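**Q**
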Amino acid sequence: MTEPLLAVENLCVDFATRSGPVRVLNDVSFTLAPGETLGIVGESGCGKSMTSLAVMGLVPRPNGRIASGRILFRGEDLVRAPARRMRQIRGAAISMIFQEPMTSLNPIFTVGRQIAEAIRLHEDVSKAEVRNRVVDVLGRVGIPDPARRADEYPHQLSGGMRQRVMIAMALVCRPQILIADEPTTALDVTVQAQILDLILRLQQEENTAVILISHDMGVISQVSDRVMVMYAGRAIEKGPCRDVVEASAHPYTRGLIACIPDIDRTERMAESDRLPTIPGIVPDLRALGETCAFAPRCALADAACEAWKVAPIRLDDAHVAACRKAARGIVA
Amino acid sequence: MARDPAFHPPKSPFVEAMAIFLGNRAAMAGLIILAVVILASLIGPSLYGVDPKATVNAPFLPPMEDVASPMGTDYIGRDVLAGILSGGPATIMIGTSAALVAVLIGITLGALAGYYGGLIDTILMRFTEFFQVLPALLFAMVLMTLFTPSLRVTIIGIGLVMWPPTARLARAEFMKLRNMDYVRAERAMGARDRRIIWRVILPNAMPPLIAAAALVVGVSILFEAGLSFLGLGDPNIRSWGEMIGSNRDYIFDCPWAVFFPGIAIFLTVLGVSLVGDGLNDAMNPRFRER
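As they're listed, the protein sequences go chains A and B.
Heads up: the first sequence at position 161 corresponds to 161 in my numbering, and the numbers run straight through without jumps.
The number in my numbering is simply the position in the second sequence, starting from 1, with 332 added.
#1: With distances taken between CB atoms, is the gap from residue 415 of chain B to residue 387 of chain B smaller than 8 Å?
#2: So, do the segment 547-556 of chain B and the segment 590-608 of chain B have three or more beta carbon pairs nearer to each other than 8 Å?
#3: Below 8 Å, can you find three or more Cβ-Cβ pairs linking the segment 497-508 of chain B to the segment 427-445 of chain B?
#4: In chain A, what lies closer than 7 Å to residue 664 of chain B by C-beta?
#5: So what does residue 14 of chain A bridge to, in DSSP terms?
#6: I believe residue 14 of chain A touches residue 61 of chain A by the beta-carbon criterion, under 8 Å. Please report the beta-carbon distance rounded to the nearest angstrom.
#7: Just the C-alpha distance for residue 316 of chain A and residue 226 of chain A, rounded to the nearest angstrom, thanks.
#8: Should residue 87 of chain A be counted as a contact of the ligand MG given a C-beta to heavy atom distance under 7 Å?
#9: In the structure shown, what three-state DSSP assignment does residue 315 of chain A receive?
#10: Where do the N-terminal and C-terminal ends of the alpha helix (DSSP H) with residue 252 of chain A fall, by residue?
#11: For residue 593 of chain B versus residue 381 of chain B, is the C-beta spacing smaller than 8 Å?
#12: Can you list, in chain order, the stretches of the alpha helix (DSSP H) that have 4 or more residues and sit fully within the segment 112-181 of chain A?
#13: Beta-carbon within less than 7 Å of residue 563 of chain B's beta-carbon, same chain only, minus the 5 sequence neighbours each way: which residues are those?
#14: Quick one: give me the first and last residue of the beta strand (DSSP E) that residue 95 of chain A is part of.
#15: Assuming residue 239 of chain A is part of the beta strand (DSSP E), what are its boundary residues?
#16: How far does the alpha helix (DSSP H) with residue 597 of chain B in it extend, from its first residue to its last?
#17: Would you mind telling me which residues of chain A sit closer than 8 Å to residue 536 of chain B, beta carbon to beta carbon, in chain order?
#18: Just reading off the beta strand (DSSP E) that residue 214 of chain A is part of, what are its end residues?
#19: Please tell me whether residue 223 of chain A and residue 212 of chain A are closer than 8 Å, where the distance is taken between their beta carbons.
#20: Per DSSP, what kind of secondary structure is residue 39 of chain A in: helix, strand or coil?
#21: Just to check my reading of the structure: residue 90 of chain A and residue 520 of chain B have Cβ atoms closer than 8 Å, yes? What is that Cβ distance to the nearest angstrom?
#22: Could you work out which residues of chain A lie near residue 513 of chain B, taking near to mean beta carbons separated by less than 7 Å?
#23: Cβ of residue 3 of chain A less than 8 Å from any chain B Cβ?
#24: Going along the chain, which residues of its own chain have a beta-carbon closer than 8 Å to the beta-carbon of residue 573 of chain B, five neighbours each way excluded?
#25: Does the distance from the C-beta atom of residue 181 of chain A to that of residue 49 of chain A stay below 8 Å?
#26: Please decide whether residue 558 of chain B counts as near chain A, where near means a Cβ-Cβ distance under 8 Å.
#27: Buried or exposed: which applies to residue 318 of chain A, given that a residue is buried once 16 or more other Cβ atoms fall within 10 Å of its Cβ?
#28: I'd like the list of long-range same chain contacts for residue 539 of chain B, defined as Cβ closer than 6 Å, with 5 residues on each side in sequence excluded.
#29: Distance, Cα to Cα, residue 298 of chain A vs residue 252 of chain A?
#30: Could you tell me which residues DSSP pairs with residue 219 of chain A in its beta bridges?
#31: Any contact of the segment 505-516 of chain B with the segment 97-104 of chain A, i.e. 3+ C-beta pairs under 8 Å?
#32: Quick check: the segment 155-172 of chain A against the segment 120-137 of chain A, are there 3 or more CB pairs under 8 Å?
#33: Output needed for residue 454 of chain B: all residues of its chain with C-beta closer than 6 Å, excluding positions within five of it in sequence on either side, in chain order.
#34: Would you identify the three-state DSSP class for residue 72 of chain A, choosing helix, strand or coil?
#35: Compare the C-alpha of residue 567 of chain B against each of B:542, B:484, B:494, B:589 and name the closest.
#36: What first and last residue would you give for the alpha helix (DSSP H) that runs through residue 297 of chain A?
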């Protein structure tokens with residue numbers, strides 16, 4: 001395998017709270033190759049967004065900090081990179097799209113001006129050239145009549161349009177990595193599909209690597225090359241999309257997949273009449289130790305699970321799961 | 333098809349705020365008062381043509397006794413109307429400049445405190461509170477007596493005692509706005525703090541700050557009058573406060589020499605306050621009914 005574009009190694013992020021430090025990311029590792037799509041799934045608070053913020057160097061200060069680990073972008077460790085260098089990388093080499101297109105645009109400037117600023121922050125180009133690129137990128141993200149739309153304010157655009165503008169802003173400097181943090185969650189289902197298609201099309205045109213973050217296993221399984229499932233700050237299963245979705249090794253992953261509504265699985269629906277859910281709630285991160293955080297909610301857990309020190313277990317070349325039972329083939 | 337006035341395309345926030353402002357009767361009254369005051373100050377002196385500093389008539393001349401001095405004369409025979417007309421620009425200039433100084437200091441410190449938070453916020457806010465607990469007039473008087481009273485000293489002195497409320501307002505706005513998604517997005521684009529503070533957050537924080545600044549102008553005018561009354565203003569400038577101050581010993585002999593400048597101050601501050609309140613209502617979304 002060639003050298004990955006991005007390699008996150010044993011990343012740990014701590015947050016200081018009144019009741020002591022809380023580890024919100026625990027020993028997270030993954031790699032990303034050029035042009036690849038990595039899907040990160042998990043429930044709220046499992047560390048998906050924190051992972052992306054850590055890569056961007058935007059872990060909230062002063063109460064959050066990267067406790068250990070490395071984030072290697074083309075061999076350069078971003079954890080140790082000075083603030084100046086991080087600003088050069090942000091928006092130019094690694095860009096990010098946020099969840100809320102309604103509030104992620106500055107309400108008092110035209111969208112064209114905001115995209116122009118994104119260019120000017122990183123490149124020294126003439127005014128006319130900037131304008132050309134703004135109109136061009138708006139056209140590429142599928143905004144009709146881009147020259148006119150560039151002079152409109154965010155409140156004059158619909159949610160889907162605004163998300164297109166956000167994508168245009170993120171892509172205008174041709175980044176090598178695009179982090180999309182729940183890019184479609186706030187949108188209508190029909191618009192969701194359009195936005196996902198758009199991201200994938202632009203990805204192919206530029207060979208951009210994409211990290212797609214979602215709580216929706218359905219979205220992730222449709223578009224990802226590889227998938228990482230997170231739970232309570234840990235990556236509990238990762239591997240090629242097919243393996244993780246069709247041969248899930250971790251009981252939590254199986255639970256997530258069972259939660260996807262599926263018209264084809266009518267027999268299963270008939271059995272219970274209800275969509276399956278995972279019982280219990282996400283554990284309190286302060287109370288976690290080195291043992292399996294999912295054990296209290298896991299239908300398969302036994303006494304040995306409670307004592308088992310969590311470690312990734314390699315199922316084959318690329319497929320890894322952090323479940324004791326996965327190792328023995330009990331789950332599979 | 334019936335015309336429904338409530339059925340119209342969305343207006344820009346600015347147009348909407350303007351519409352609210354223009355529909356506010358009190359604010360309109362304030363605007364008219366201010367327009368009259370400013371117009372009188374601009375063209376009044378040349379139209380009336382009487383030297384406000386010279387003795388032009390008999391002292392203690394009551395109003396309407398001599399058509400040459402419709403508002404009478406003061407204790408050394410200076411024309412009161414001439415003083416009011418020429419005192420307008422000085423009063424308004426000192427009031428707005430002092431407010432500008434106060435707002436600049438307030439926004440700068442408040443922005444830094446609110447944006448960075450933590451230790452910087454603590455230090456800047458303790459500093460602000462130090463200024464806030466000083467009795468404002470007393471502090472201004474100390475400043476004025478320490479330095480030779482001049483226009484510049486008056487402006488800076490008033491500005492120095494007026495900034496804490498603006499700083500606190502700016503801090504609150506910045507604390508609220510620094511966590512907005514578009515600020516995060518800007519940071520993710522690689523913008524530096526300086527840009528985020530002044531070019532991204534500040535424009536969004538302006539509406540309440542503009543409204544507050546208008547009110548600071550009114551209070552600054554009062555402050556200038558107070559200082560001049562106490563004889564701490566620049567003696568070479570005939571402001572309304574100075575007119576009251578220089579005639580205060582003769583208040584029973586020529587009350588008109590004190591009364592008319594007082595009315596002028598009252599009307600101007602009233603006008604500024606009404607406009608400031610109107611701006612506040614128009615620009616503060618909390619007061620908008622939707």
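All C-beta atoms in this analysis are idealised placements derived from N, C-alpha and C, irrespective of residue type, glycine included.
None of the values given here were measured: they were computed from a predicted structure.
**A** This is what the structure gives:
#1: As a position in the second sequence, residue 415 of chain B is number 83, starting the count at 1. As a position in the second sequence, residue 387 of chain B is number 55, starting the count at 1. For the 8 Å CB-CB criterion, residue 415 of chain B and residue 387 of chain B do not form a contact.
#2: yes
#3: Here the segment 497-508 of chain B lies against the segment 427-445 of chain B, with 3 or more beta-carbon pairs under 8 Å apart.
#4: What is shown of chain B runs 333 to 622, which leaves residue 664 of chain B out entirely.
#5: In the first sequence, the residue the question calls residue 14 of chain A occupies position 14. Note: residue 14 of chain A sits in a beta bridge opposite A:23, A:65.
#6: Counting from one through the first sequence, the residue named residue 14 of chain A turns up at place 14. Counting from one through the first sequence, the residue named residue 61 of chain A turns up at place 61. Not really, about 12 Å apart at Cβ, beyond 8 Å.
#7: Your numbering for residue 316 of chain A matches position 316 in the first sequence. Your numbering for residue 226 of chain A matches position 226 in the first sequence. About 14 Å.
#8: Among the components of this structure there are no ligands whatsoever, and the ligand MG is therefore not found.
#9: The residue labelled residue 315 of chain A in the question sits at position 315 within the first sequence. Reduced to three states, the DSSP call for residue 315 of chain A is coil.
#10: Within the first sequence, the letter at position 252 stands for residue 252 of chain A. Element bounds for residue 252 of chain A: 251-258.
#11: By one-based count along the second sequence, residue 593 of chain B stands at place 261. By one-based count along the second sequence, residue 381 of chain B stands at place 49. Taking a C-beta distance under 8 Å as the contact criterion, residue 593 of chain B and residue 381 of chain B do not qualify as a contact pair.
#12: 127-140, 146-149, 159-171
#13: Against the second sequence, residue 563 of chain B aligns to sequence position 231. Cβ neighbours of residue 563 of chain B beyond the five flanking positions: 577.
#14: Within the first sequence, the letter at position 95 stands for residue 95 of chain A. 94-97 is the extent of the beta strand (DSSP E) around residue 95 of chain A.
#15: Indexing the first sequence from 1 puts residue 239 of chain A at position 239. Here the beta strand (DSSP E) through residue 239 of chain A covers 234-240.
#16: The residue you call residue 597 of chain B lines up with position 265 of the second sequence. Taken as a continuous stretch (DSSP letters only), the alpha helix (DSSP H) holding residue 597 of chain B covers 588-615.
#17: Here the question's residue 536 of chain B lines up with position 204 in the second sequence. The answer, in chain order, is 106, 107, 108.
#18: Taking the first residue of the first sequence as 1, we reach residue 214 of chain A at position 214. For residue 214 of chain A, the uninterrupted beta strand (DSSP E) segment begins and ends at 209-214.
#19: What you label residue 223 of chain A is simply residue 223 of the first sequence in a count that begins at 1. What you label residue 212 of chain A is simply residue 212 of the first sequence in a count that begins at 1. Yes.
#20: Position 39 of the first sequence, counted from the first residue, corresponds to residue 39 of chain A. Reduced to three states, the DSSP call for residue 39 of chain A is strand.
#21: Taking the first sequence and counting its residues from 1, the one referred to as residue 90 of chain A is at position 90. Taking the second sequence and counting its residues from 1, the one referred to as residue 520 of chain B is at position 188. Contact holds; Cβ gap of about 6 Å.
#22: Sequence index remark: in the second sequence, residue 513 of chain B carries index 181 (1-based). What residue 513 of chain B touches in chain A: 98, 100, 103, 104.
#23: Numbered from 1 along the first sequence, position 3 holds the residue referred to as residue 3 of chain A. No, because no Cβ of chain B sits closer than 8 Å to the Cβ of residue 3 of chain A.
#24: In the second sequence, the residue the question calls residue 573 of chain B occupies position 241. Close CB contacts of residue 573 of chain B within its chain, under the 8 Å cut and outside five residues either way in sequence, are with 423, 556, 557, 558, 559, 560, 561, 565, 593, 597 (chain order).
#25: Your numbering for residue 181 of chain A matches position 181 in the first sequence. Your numbering for residue 49 of chain A matches position 49 in the first sequence. It is a contact, given that the beta carbons lie within the stated cut-off.
#26: To locate residue 558 of chain B, count along the second sequence from 1; it is residue 226. For residue 558 of chain B, the answer is no, since every Cβ of chain A falls outside 8 Å of its Cβ.
#27: For the purposes of this step, residue 318 of chain A is identified with residue 318 of the first sequence, where counting begins at 1. Answer is exposed; the Cβ neighbour count stays below 16.
#28: Within the second sequence, the letter at position 207 stands for residue 539 of chain B. 615.
#29: In the first sequence, the residue the question calls residue 298 of chain A occupies position 298. In the first sequence, the residue the question calls residue 252 of chain A occupies position 252. If I take the Cα positions, the gap works out to 7 Å.
#30: Position 219 of the first sequence holds residue 219 of chain A. Residue 219 of chain A is not bridged to any residue.
#31: yes
#32: yes
#33: Taking the second sequence and counting its residues from 1, the one referred to as residue 454 of chain B is at position 122. Hits under 6 Å: none found.
#34: Locating residue 72 of chain A in the first sequence gives position 72, where the first residue counts as 1. The answer is strand: DSSP assigns residue 72 of chain A an E or B state.
#35: As a first step, residue 567 of chain B is located in the second sequence; it is residue number 235 there, counting from the start. Here the closest residue by C-alpha is B:484.
#36: Locating residue 297 of chain A in the first sequence gives position 297, where the first residue counts as 1. No alpha helix (DSSP H) contains residue 297 of chain A, which DSSP labels as neither H nor E.
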